[in-house]
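Chemist:
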Amino acid sequence: MKSGLKKWRRLALGLMLTWVLLFFALFTYFMESRVDQHSAAGLAHADTRRLTSVQGNTRSRQEPHAGPTSPVAGGQRGRGPEQSPSREAMAGGLSPELFPRIDHQILPAWSAIGTRDVGPRPGAATREQRRQRDVQEEEEEEVMGEEVEGNEEEQSFTTRRAAADGLDDSDLDEYYSSKSTSVVQRLWKGNVSLGMLSPRLQRAMKDYLSSNKHGVAYRGRRSPRQSSKQVLCELKKRSRVRTLDGAELPFSTLGWRKIVPDAPLRQLYGSGFHSCAVVTSAGAILHSGLGREIDSHDAVLRFNSAPTEGYERDVGEKTTIRIINSQIMANPTYRFNSSLLYRNVTLVAWDPAPYKVNLREWYKSPDYNLFTPYVEHRKKHPTQPFYILHPTFTWRLWDVVQGNTLENIQPNPPSSGFIGIVLMMSLCEEVHVYEYIPSLRQTELCHYHERYYDAACTLGAYHPLLYEKMLIQRINSGSEGDLKHKGA
Numbered sequence: 000m001k002s003g004l005k006k007w008r009r010l011a012l013g014l015m016l017t018w019v020l021l022f023f024a025l026f027t028y029f030m031e032s033r034v035d036q037h038s039a040a041g042l043a044h045a046d047t048r049r050l051t052s053v054q055g056n057t058r059s060r061q062e063p064h065a066g067p068t069s070p071v072a073g074g075q076r077g078r079g080p081e082q083s084p085s086r087e088a089m090a091g092g093l094s095p096e097l098f099p100r101i102d103h104q105i106l107p108a109w110s111a112i113g114t115r116d117v118g119p120r121p122g123a124a125t126r127e128q129r130r131q132r133d134v135q136e137e138e139e140e141e142v143m144g145e146e147v148e149g150n151e152e153e154q155s156f157t158t159r160r161a162a163a164d165g166l167d168d169s170d171l172d173e174y175y176s177s178k179s180t181s182v183v184q185r186l187w188k189g190n191v192s193l194g195m196l197s198p199r200l201q202r203a204m205k206d207y208l209s210s211n212k213h214g215v216a217y218r219g220r221r222s223p224r225q226s227s228k229q230v231l232c233e234l235k236k237r238s239r240v241r242t243l244d245g246a247e248l249p250f251s252t253l254g255w256r257k258i259v260p261d262a263p264l265r266q267l268y269g270s271g272f273h274s275c276a277v278v279t280s281a282g283a284i285l286h287s288g289l290g291r292e293i294d295s296h297d298a299v300l301r302f303n304s305a306p307t308e309g310y311e312r313d314v315g316e317k318t319t320i321r322i323i324n325s326q327i328m329a330n331p332t333y334r335f336n337s338s339l340l341y342r343n344v345t346l347v348a349w350d351p352a353p354y355k356v357n358l359r360e361w362y363k364s365p366d367y368n369l370f371t372p373y374v375e376h377r378k379k380h381p382t383q384p385f386y387i388l389h390p391t392f393t394w395r396l397w398d399v400v401q402g403n404t405l406e407n408i409q410p411n412p413p414s415s416g417f418i419g420i421v422l423m424m425s426l427c428e429e430v431h432v433y434e435y436i437p438s439l440r441q442t443e444l445c446h447y448h449e450r451y452y453d454a455a456c457t458l459g460a461y462h463p464l465l466y467e468k469m470l471i472q473r474i475n476s477g478s479e480g481d482l483k484h485k486g487a
């Protein structure tokens, strides 16, 4: 009798335990569903401002860092980032008071606004729920594994390890930031992939891939194992520098033949230069003491609003050509029509256009209105060489980058840094690029003349910077010691 009573008690306890577990499972399921719905709503809102991609933590503190250069094709060295928020980003509802005077120059991913999280932070979610979402994201990322499997496995392991250590989303940013040295070392060897980036940068890149604002449809072949010589030949063959000449519609009907310079850019300097320097605006160039070496070149190219006054010891003072993006011309903050920064140099402007390069459509709706200030400037300073890059040229550069990797890169134009390197390769026998590929003095300071920190400035989100730099490193003819310690 007692034996039977014990059996009934055990059965009752078992049933009670089963009901408790079932209730807990249902409760957890409904709670996670509510959190996921909240996150989905946040993403839907973020979708209206895709160019404000999340790129990492931003810190507004002044902390000088130094950075050298890296040799590239035919003696080239470098690192160069890019731009700032587009109109879509500015329309996303972010208060301008939060970002007073953010320089648009060379900030990859148009990232001045993009460093803020555009989605809701999962404050109500438990650590276990965040860990589960991170694991789920890893599984989704495995679908993109047509590239280097070893790198993806390392990324998956790293994320799981970080989650196991109890790190939430903000902690993960710091965790990946601390591993940036490893990414740079891989970049020195030309061995990087999407899977090595932080979760936020990966999500931002996927966001750009899905939005495909410029209607990119790449159908070319992919040859990720081309030699340095083959890549150089491809760049020369497919990326011949081209500017607007006023002969095409709608410019031919607007009298642009008389507005643009008579001499094409590629013929402006006759037989060209022997040695040239491409000086990016990266914060790592601070305290490098490279100014005298930079000025020793026959020609020096700089970007956007990067100054030389006050920074001569590190960046030099000579400027031959300055590449500017369209926001420099359209945004009154940069005083394009009045600043001496844009005088007595050759100016080369560019603006994103549709991938299929419909000039009529581009003229009616540029990313930023560069056409009106261009005409005004040409009329006011007719003797100053000033060109607008033909969008066919910039998109052919993009094709070269995409064709040299199996991974799908961001369907956005290449950075000004990459454009500037190729431009100078067409004008110079030898090109030295300073702080495009990060040196040992790598820093998160985006620009040497601003107090703005963002890890994305090195590897990009809007621009395919990671792949641009990998390609430049492949054609780099400089020594490893120069790349690491001097970068020149």
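For the sequence shown, position 226 (counting from the first letter as 1) is numbered 225 according to numbering that gives the first Met the number 0, and the numbering increases by one without interruption.
The C-beta atom is built at its ideal place from N, Cα and C for all residues, glycine as well.
In this text the structure is predicted, and so the values were computed from the model without any measurement.
1. Could you say which of Pro223, Glu428 and Gly254 lies nearest to Ala246 if we only look at CA atoms?
2. What residues in its chain sit with their C-beta under 6 Å from that of Glu145, if we drop five residues either side in the sequence?
3. Roughly how many angstroms separate the alpha carbons of Ser438 and Ser287, rounded to a whole number?
4. Which residues share a DSSP beta bridge with Cys427?
5. Quick one: what's got a C-beta closer than 7 Å to Leu396's C-beta in the same chain, skipping five residues either side?
6. Determine the closest residue to Ile496 out of Cys445, Asp453 and His431, with distance taken between C-alpha atoms.
7. Note down, in chain order, each residue of its chain lying with its Cβ closer than 7 Å to the Cβ of Pro410, except the 5 sequence neighbours on either side.
8. Go ahead and label Pro249 buried or exposed: buried means 16 or more other beta carbons lie within 10 angstroms of its beta carbon, across all protein chains shown.
9. Identify every residue that forms a DSSP beta bridge with His446.
10. Are there 16 or more other CB atoms within 10 angstroms of the CB of Thr307, so buried, or fewer, so exposed?
11. When DSSP labels each residue in this structure, what does Leu21 get in the three-state scheme?
12. How many Å lie between Ser519 and Gln266 at the Cα?
13. Would Val299 pass as a contact of Thr279 if the rule is Cβ separation under 7 Å?
14. Looking at Glu428: is its Cβ nearer than 7 Å to the Cβ of His273?
15. Please state if the CB of Lys468 and the CB of Ile436 are separated by a distance shorter than 7 Å.
16. In the structure shown, what three-state DSSP assignment does Ile418 receive?
17. Just to check my reading of the structure: Asn324 and Trp349 have Cβ atoms closer than 8 Å, yes? What is that Cβ distance to the nearest angstrom?
18. Let me know if Met15 comes out buried or exposed under the rule of 16 or more other beta-carbons within 10 Å of its beta-carbon.
19. Terminal residues of the continuous beta strand (DSSP E) containing Ala298?
20. Identify whether Arg377 lies in helix, strand or coil by the three-state DSSP scheme.
21. Helix or strand or just coil, what does DSSP make of Leu388?
22. Val314 lies in the alpha helix (DSSP H); which residues open and close that run?
23. Measuring CA to CA, which of Glu479, Tyr466 and Gly477 is closest to Met195?
24. For Thr345, which beta-bridge partners are listed by DSSP?
25. To which residues of the same chain is Tyr268 closer than 8 Å at the C-beta, ignoring the five residues directly before and after it?
26. Could you name the residues that DSSP lists as bridge partners for Tyr466?
27. Please identify the residue among Asn403, Val399, Ala276 and Gly290 whose C-alpha is closest to the C-alpha of Ser192.
28. Kindly list the residues whose CB is nearer than 7 Å to the CB of Pro223, restricted to its own chain and excluding five residues on each side of it in sequence; keep chain order.
29. Do Ala203 and Ala460 come within 7 Å of each other at the CB atom, strictly closer than that value?
30. From what residue to what residue does the alpha helix (DSSP H) around Val356 run?
31. Between Met423 and Val259, how many whole angstroms is the CB-CB distance? I'm expecting something under 8 Å.
32. Within its chain, find whatever has a CB closer than 8 Å to the CB of Asp398; leave out the 5 residues flanking it on each side and keep chain order.
33. Quick one: what's got a C-beta closer than 7 Å to Arg377's C-beta in the same chain, skipping five residues either side?
34. Give the DSSP-derived three-state secondary structure of Thr393 in the structure shown.
Modeler: Quick look at the numbers:
1. Gly254
2. Note on Glu145: pLDDT 38, under 50, position unreliable in the model; the coordinate value appears next. Result list for Glu145: Leu405, in chain order.
3. 11 Å
4. Phe272
5. Ser238, Pro413, Phe417, Ile418 and Val421
6. This structure cannot settle anything about residue 496, because the visible part of the chain is limited to 0 through 487.
7. Tyr207, Leu208, Asn211, His213 and Val215
8. Exposed, since its Cβ has fewer than 16 Cβ neighbours within 10 Å.
9. In DSSP, His446 forms a bridge with Ala281.
10. Buried, since its Cβ has 16 or more Cβ neighbours within 10 Å.
11. helix
12. Absent from the model: residue 519. The displayed extent of the chain is 0 to 487, so no value can be given.
13. no
14. yes
15. yes
16. Ile418: helix per DSSP, three-state reduction.
17. 6 Å
18. exposed
19. Segment Ala298 to Phe302, the beta strand (DSSP E) holding Ala298.
20. helix
21. Collapsing the DSSP output to three states places Leu388 in a strand.
22. Glu311 to Val314
23. Tyr466
24. Ile320
25. Closer than 8 Å at the Cβ level, and outside the excluded window around Tyr268, lie Ala298 and Leu426.
26. Under DSSP, no beta-bridge partner is assigned to Tyr466.
27. Closest option to Ser192, Cα to Cα, is Asn403.
28. Cβ within range, chain order: Asn403, Thr404 and Leu405.
29. yes
30. Neither: Val356 is in no alpha helix (DSSP H) and is coded neither H nor E.
31. So it is not a contact: roughly 21 Å between Cβ atoms.
32. In its chain, beyond the 5 residues on either side, Tyr217, Gly219 and Arg237 have a beta carbon closer than 8 Å to the beta carbon of Asp398.
33. Ile258 and Phe385
34. helix
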